Every structure is written in C-alpha cells, then in structure tokens.
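Take a look at the structure below.
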Amino acid sequence: MKKRLLGFLCQWCGARALEHLSYQRRPLPAGFYPIRVPCSGSVAPEVITQALASGASGVLVVGCPPGQCHFREGNQRCAIRMRFLKGWLKALGVSGERIRLALVGAGEGEKLYQIVWDFWEDLGEDRPL
Ligand code: FES
Numbered sequence: 012m013k014k015r016l017l018g019f020l021c022q023w024c025g026a027r028a029l030e031h032l033s034y035q036r037r038p039l040p041a042g043f044y045p046i047r048v049p050c051s052g053s054v055a056p057e058v059i060t061q062a063l064a065s066g067a068s069g070v071l072v073v074g075c076p077p078g079q080c081h082f083r084e085g086n087q088r089c090a091i092r093m094r095f096l097k098g099w100l101k102a103l104g105v106s107g108e109r110i111r112l113a114l115v116g117a118g119e120g121e122k123l124y125q126i127v128w129d130f131w132e133d134l135g136e137d138r139p140l
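The working numbering applies: residue 12 is where the sequence shown begins, and numbers increase by one.
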C-alpha cells in the first residue's frame with residue numbers, strides 16, 4: 012500500500028502556514044493530504060482511527076500555538092485526546108507513532124514544512140494496519 016499522510020490543519024494556523032509554503036513553492040510529500048478544519052479541537056478521535064483503518068500511514072493534526080486557539084482550549088483538548096489515543100492504539104498493537112500533534116503559528120511555514128517531512132520520513136516504508 013502506498014504511504015499516505017493525512018493532515019488535519021486548523022484554519023487559523025496550520026492551513027495558513029501551508030498557504031505560505033505554497034506561495035513559496037516549497038514541495039511537500041506527494042502522499043501528504045491536508046484537510047482544513049475549524050480547530051484542532053474539532054478533530055474527533057474516531058476520525059483519526061477511521062483514517063488509519065482506511066489506509067492512512069499516519070495522521071498529523073496541526074493546531075494553534077498555546078494560548079492562541081480561537082476556541083480558547085481546542086488545542087489543549089486535542090492534546091489530551093491525542094495522548095489518550097496514542098495509548099489506546101498501543102493497546103491495540105498499533106504504533107502510537109502513527110499519529111502526531113503539532114502546534115504551529117500562521118507565520119511558521121518553515122516549521123510546518125519540517126514537521127511534515129520529519130513525520131513523513133519517520134513513517135518509513137508502507138505500513139498496512
Ligand atoms: Fe486553531 Fe483551535 S483555533 S487550534
């Protein structure tokens with residue numbers, strides 16, 4: 012199965028950082044599929060597990076930096092959920108390394124670029140669930 016990295020990017024930060032990268036024509040992995048979401052806190056754990064079950068090699072959630080969430084604590088709630096989800100995946104025998112949360116500011120395109128490529132490389136070769 013082809014390696015795929017699904018990204019849920021908060022519209023206020025990650026999605027804007029991604030726009031900066033596209034203006035600069037910075038290449039991201041061909042298997043990276045970004046999806047704009049209202050807030051990292053809006054990404055339900057079942058959406059992430061469904062993505063993995065459907066063949067995503069990894070799922071990246073990008074939220075606003077601490078104190079900058081437009082919904083006050085969406086990024087904090089997301090961080091708690093991701094920690095819980097990692098443990099749950101581990102209990103099921105699935106590596107928790109297949110999901111990752113990153114907090115990136117709207118103007119931090121370079122940071123997002125590095126996060127996506129690092130995650131992509133850490134995923135290694137194709138891994139079926
Ligand atoms: Fe960006 Fe909540 S609005 S993480």
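All C-beta atoms in this analysis are idealised placements derived from N, C-alpha and C, irrespective of residue type, glycine included.
Keep in mind the model is a prediction, meaning the values are calculated, not measured.
Check: Using a threshold of 6 Å, is the CB atom of His81 nearer than that to any non-hydrogen atom of ligand 1?
Finding: Start at 1 with the first residue of the sequence shown, and residue 81 comes out as number 70. Checking the Cβ of His81 against ligand 1 gives yes.
Give the range of the alpha helix (DSSP H) segment to which Phe220 is assigned. Examination of residue 220 is not possible in this model, given that the chain is present from 12 through 140 alone.
### Query
Does any heavy atom of ligand 1 sit closer than 6 Å to the C-beta of Gly116?
The residue given as residue 116 occupies position 105 in the sequence shown. For ligand 1, not one heavy atom lies less than 6 Å from the Cβ of Gly116.
Practice problem: Could you work out which residue in Ala26, Arg94, Gln125 is closest to Gly74 when comparing CA atoms only? | Solution: As a working note, residue 74 is residue 63 in the sequence shown. Taking only the C-alpha atoms, the option nearest Gly74 is Ala26.
Item to complete: Give the single residue among Gly69, Cys24, Gly78 whose Cα lies nearest to the Cα of Leu134.
Response: For this step, residue 134 is matched to residue 123 along the sequence shown. Measuring C-alpha to C-alpha distances from Leu134 to each of Gly69, Cys24, Gly78 identifies Gly69 as the nearest.
**Request:** For Gly118, name the three-state secondary structure that DSSP assigns.
**Result:** As a position in the sequence shown, residue 118 is number 107, starting the count at 1. Residue state, collapsed to three classes: coil.
Checklist entry - Skipping 5 residues on each side, what residues in its chain have a beta carbon closer than 6 Å to that of His81? => result Residue mapping note: residue 81 aligns to position 70 of the sequence shown, counting from 1. Within the same chain, Trp23 come within 6 Å of His81 by CB-CB distance, once the 5 residues on both sides are set aside.
Enclosing alpha helix (DSSP H) for Arg27 [first to last residue]: Position 16 of the sequence shown, counted from the first residue, corresponds to residue 27. That run of the alpha helix (DSSP H) goes 25–34.
Assign Met12 to one of two classes, buried (16 or more other C-beta atoms within 10 Å of its C-beta) or exposed (fewer than that).
The residue given as residue 12 occupies position 1 in the sequence shown. Exposed, by the Cβ-count rule.
query = Which value, in whole angstroms, describes the spacing of the CA atoms of Gly57 and Arg37?
reply = As a position in the sequence shown, residue 57 is number 46, starting the count at 1. As a position in the sequence shown, residue 37 is number 26, starting the count at 1. Looking at the sequence provided, one finds Glu at residue 57 rather than Gly. Looking at the two C-alpha atoms, the distance is approximately 31 Å.
| said: Tell me the DSSP secondary structure of Ala55 in three-state form. | reply: On the sequence shown, position 44 is the one that residue 55 refers to. Looking at Ala55 - three-state DSSP - the assignment turns out to be coil, as it is neither helix nor strand.
inquiry  = Is Gly74 a contact residue of ligand 1, with contact defined as CB to any heavy atom under 6 Å?
reply    = If you number the sequence shown from 1, residue 74 lands on position 63. The answer is yes for Gly74.
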